[in-house]
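Asker: For the sequence shown, my numbering assigns the number 1078 to the initial residue and increments by one for each residue that follows. Even for Gly, the Cβ is constructed at its ideal location relative to N, Cα and C. My questions all concern the structure below.
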Amino acid sequence: MRNEPWVDGDHILLLGHSTGGLTMLAAAQRNPAGVVGIVNFDGGYHSTVKPGEPCAPERLVETVAALSRAVRVPALWLYAENDQFYGPDLARQMFAAYTAGGAPARLQILPPFGKNGHDLVTEGAASRWLPIVEPFLAELKLPSAVAIDLPEPAALPAPPGLSPGSQKMFARYTSYRSDAKAFAVDDKGGCGSSNGRTVAEARDNAIAECSNKDSACHVYAVGQHVGEN
């Protein structure tokens, strides 16, 4: 990526959320050329078998301690007060283990967001965390001005016949300021909703999630538009 013409190879910031946050910490232990900072949003890993449970918290603490031994890249850690996977107590334990060996980092516990603060960066407004990140970027001499301002989400009509739970999911879907998202429905009021790296990925995942409910599904909306395209 450093060789791409649109990349400033000497001023790279690594950002990751959840497993991605932990992955960025792992990448930083090699002190890769050009990387000047890390932003770790709610980093860690959790069980897919027991949702809501971090995978062996004590092992997680040991893991971040091991990742920090040779790190020279400064990091900003952001965790929500009501993160249901990595609450503030666990976040502080991980942070203490990470910085014990001298790794340059700071931790900020953000106010609660929704029912699960783990979703803050993916579902919340940037205004909830950007005021903390901007000074960090300034210290690293990185720009923080808005380059492309995303439009407000379109006001899409809800599919008819949705169950109460599906209505809530559609309301959340319409709040995402992304075009790489899709919403699928079945004929029983069920649904599937997904964001993706691409429109095709989001569409496939939405259909798969909807189909898990054992009924035929079709795509109702993609991005900010009703229809499959």
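Provide the residue span of the alpha helix (DSSP H) that contains F1247, from first to last.
Answerer: P1241 to S1252 is the span of the alpha helix (DSSP H), which, as asked, contains F1247.
Asker: Quick one: residues in its chain with C-beta nearer than 6 Å to the C-beta of A1174, no 5 flanking neighbours on either side, listed in chain order?
Answerer: V1138, V1141 and A1142.
Asker: Under a three-way DSSP split, which group does Q1301 fall into?
Answerer: Looking at Q1301 - three-state DSSP - the assignment turns out to be coil, as it is neither helix nor strand.
Asker: So, helix, strand or coil for R1183, using DSSP?
Answerer: Strand at R1183.
Asker: Please say whether V1148 and A1202 have beta carbons closer to each other than 8 Å?
Answerer: No.
Asker: In three-state DSSP terms, what is L1153?
Answerer: Here L1153 sits in strand by DSSP.
Asker: Looking at the structure shown, is P1165 part of a helix, part of a strand, or coil, going by DSSP?
Answerer: Three-state result, P1165: helix.
Asker: So the candidates are K1245, V1276, T1199 and G1300; which of them puts its Cα closest to the Cα of P1228?
Answerer: Out of K1245, V1276, T1199 and G1300, G1300 has the C-alpha closest to the C-alpha of P1228.
Asker: For the beta strand (DSSP E) containing G1269, name the first residue and the last one.
Answerer: Unbroken beta strand (DSSP E) run through G1269: C1268 to N1272.
Asker: With C-beta atoms as the reference, is R1308 less than 8 Å away from L1187?
Answerer: Limits of the chain in this structure are 1078 at one end and 1306 at the other, which puts residue 1308 out of reach.
Asker: Can you grab the Cα-Cα spacing for the pair S1221 / K1265, in whole Å?
Answerer: Going by the C-alpha atoms only, they are around 46 Å apart.
Asker: Just to check my reading of the structure: H1094 and V1198 have Cβ atoms closer than 8 Å, yes? What is that Cβ distance to the nearest angstrom?
Answerer: The pair is a contact, with the Cβ atoms about 5 Å apart (cut-off 8 Å).
Asker: In three-state terms, what does DSSP make of H1195?
Answerer: Reduced to three states, the DSSP call for H1195 is helix.
Asker: Closer than 8 Å, CB to CB, is Q1244 near chain D or not?
Answerer: In the structure shown, chain D does not exist; there is a single protein chain.
Asker: Return yes when the Cβ of A1298 is within less than 8 Å of the Cβ of A1257, no when it is not.
Answerer: No, they are not a contact pair.
Asker: Between the stretch 1228-1245 and the stretch 1203-1218, can you find at least three pairs of beta-carbon atoms closer than 8 Å?
Answerer: No: fewer than three Cβ pairs fall under 8 Å.
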